[in-house]
Amino acid sequence: MRYLVTGGAGFIGSHLCERLLDDGSEVLALDDLSTGRFANVAHLEGRPGFELRVASVTQPEVVEACVLECGAVFHLASAVGVRLVVDEPVKTIETIVNGTDVVLRCCARYRRPMLLTSTSEVYGKSDRIPFREDDDVVLGPTTTRRWAYAGAKMLDEFLALAHWHEARLPVVVARLFNTVGPRQTGRYGMVIPRFVQQGMAGEPITVYGDGRQTRCFAHVLDVVDALVRLIHHPDARGQVFNVGNGEEVSILQLAERVRDLTGGRSAIRTIPYDEAYTSGFEDMVRRVPSLDKIRRLIGYEPTRGLDQILADVFDEARGAGGGS
Ligand code: UDP
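Just so we're aligned: 74 in our numbering is position 25 of the sequence shown, and the numbers increase by one with no gaps anywhere.
Right, here's the structure in full:
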């Protein structure tokens, strides 16, 4: 089987490409290298069955040619990170909505199974913990740019599921919760690579707000494993699944763990939100996935906890590679 991975040179996409190659499949990675990086897949160049094509997922002719050459599609290409969303909302919405529309139309034309990666952001400001797939979606006001990403991804989900309902196109939606591991950059605001970088440099670790907000971090290899197992599962079609890890940690606790792992040299500095972000930002207080649904369908159980995640990110930052 040859797979198309859009966003294949991104952080998660590059790990997915590697996993598929390890499984003996062929991979065509499509990436415009806007937030993806060639360095993420440089080690895959030259491996039999791997090809990187540099183009945008919003170009219909390019996507059509790629889809034709492949038997199934993982659609990961997207604008990423809260910072980019707040700073470039037009580009964010266009990439997400137009790109997904193009990919879905091509998949529909050639009847290729497609897995759409969505985001826990679509749960918006919900305070029903843990978040379940059939919960109501409560996004913030449209005047707050921060929700543009969630709104666009939600439209992607509706569009993908509409193709399933109208034409039985085999689509699966995976709502990814905070995903971490080697090759993730802190450039777009992601907290763990930022904290690790700050801790290693002996600089203050920057906790936004009071640090009591929580997240559940999943190792990228656990996430990729779920995606591979979902795409061909007959009972996953037309369904939405949370993908993540249930272990909840506050951002302040996270900062303390990173500080301790670096020998306690860094101070922990709390920064008010309005200094941390340009206007148009709102944080989520708690974000915890219910994993009941995916557990029931494929027996999914994340195998790597926060200790392993931090160990791998530190290994990479120290130049040891990581990725166990
Ligand atoms: N955060 C922080 N310091 C940083 C970067 C992020 O305290 O240097 C916080 C951010 O405000 C949020 C959490 O860490 O509460 C996770 O942020 P991230 O951007 O990684 O992902 P999000 O879950 O917000 O999409």
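Ideal placement from N, C-alpha and C gives every residue a C-beta, glycine not left out.
{"Query": "When you compare only the Cα positions, how much space is there between V277 and D80?", "Result": "19 Å"}
{"Query": "Quick one: does V269 have its CB under 8 Å from some CB of chain C?", "Result": "This model lacks chain C altogether; it includes just one protein chain."}
{"Query": "For my contact list, A126 and V106 are in at a C-beta cut-off of 8 Å; report their separation, rounded to the angstrom.", "Result": "4 Å"}
{"Query": "Considering only C-alpha positions, which residue in the set T149, A91, T84 and A360 is nearest to R210?", "Result": "For the sequence presented, residue 210 should be read as Leu rather than Arg. Of the listed residues, the one whose Cα sits closest to L210 is T149."}
{"Query": "At what residue ranges does the region 162-208 contain a whole run of the beta strand (DSSP E), taking only runs of 3 or more?", "Result": "163-168"}
{"Query": "With respect to the alpha helix (DSSP H) encompassing V307, which residues constitute its N-terminal and C-terminal limits?", "Result": "I300 to L310"}
{"Query": "Comparing the CB of Q288 with every heavy atom of the ligand GDP, is any distance shorter than 7 Å?", "Result": "Because the ligand GDP does not appear in the structure shown, any question about it cannot be addressed here, the ligands present being the ligand UDP."}
{"Query": "Does the contact criterion of 3 or more C-beta pairs under 8 Å hold for the region 334-342 versus the region 288-296?", "Result": "yes"}
{"Query": "With C-beta atoms as the reference, is R217 less than 8 Å away from S169?", "Result": "no"}
{"Query": "Checking 8 Å against the spacing of the C-beta atoms, do R96 and L70 come in under that value?", "Result": "yes"}
{"Query": "Give the DSSP bridge partners of C265, in chain order.", "Result": "E297"}
{"Query": "Looking at the strands, I want to know which residues DSSP matches up with D80.", "Result": "V103"}
{"Query": "Any heavy atom of the ligand UDP closer than 7 Å to the Cβ of Q302?", "Result": "no"}
{"Query": "Can you list, in chain order, the residues of its chain whose CB lies under 7 Å from that of P242, leaving out five sequence neighbours each side?", "Result": "Q233, T234, G235 and V362"}
{"Query": "Express the C-alpha separation of L355 and I320 in angstroms, rounding to a whole number.", "Result": "24 Å"}
{"Query": "Using CA atoms only, rank isn't needed, just tell me which of G313, E331, H281 and F266 is closest to I300.", "Result": "F266"}
{"Query": "Check each candidate in T55, N89, R86 and I61 and name the one with the smallest Cα separation from V76.", "Result": "T55"}
{"Query": "For R318, which three-state DSSP category applies?", "Result": "strand"}
{"Query": "How many Å lie between S373 and Q302 at the Cα?", "Result": "Only weak support is given to the placement of S373: the predicted model assigns it a pLDDT of 43, under 50, and the value that follows is read from those uncertain coordinates. Straight-line Cα distance between these residues: approximately 24 Å."}
{"Query": "Quick test of your reading: L346 and A285, contact by CB under 8 Å. State the CB separation rounded to the nearest angstrom.", "Result": "6 Å"}
{"Query": "For F99, count the other beta carbons within 10 Å of its own beta carbon; 16 or more makes it buried, fewer makes it exposed. Which is it?", "Result": "buried"}
{"Query": "Determine the burial state of H124: buried for a count of at least 16 other Cβ atoms within 10 Å of its Cβ, exposed for fewer.", "Result": "buried"}
{"Query": "Is the Cβ-Cβ distance between C156 and V116 less than 8 Å?", "Result": "yes"}
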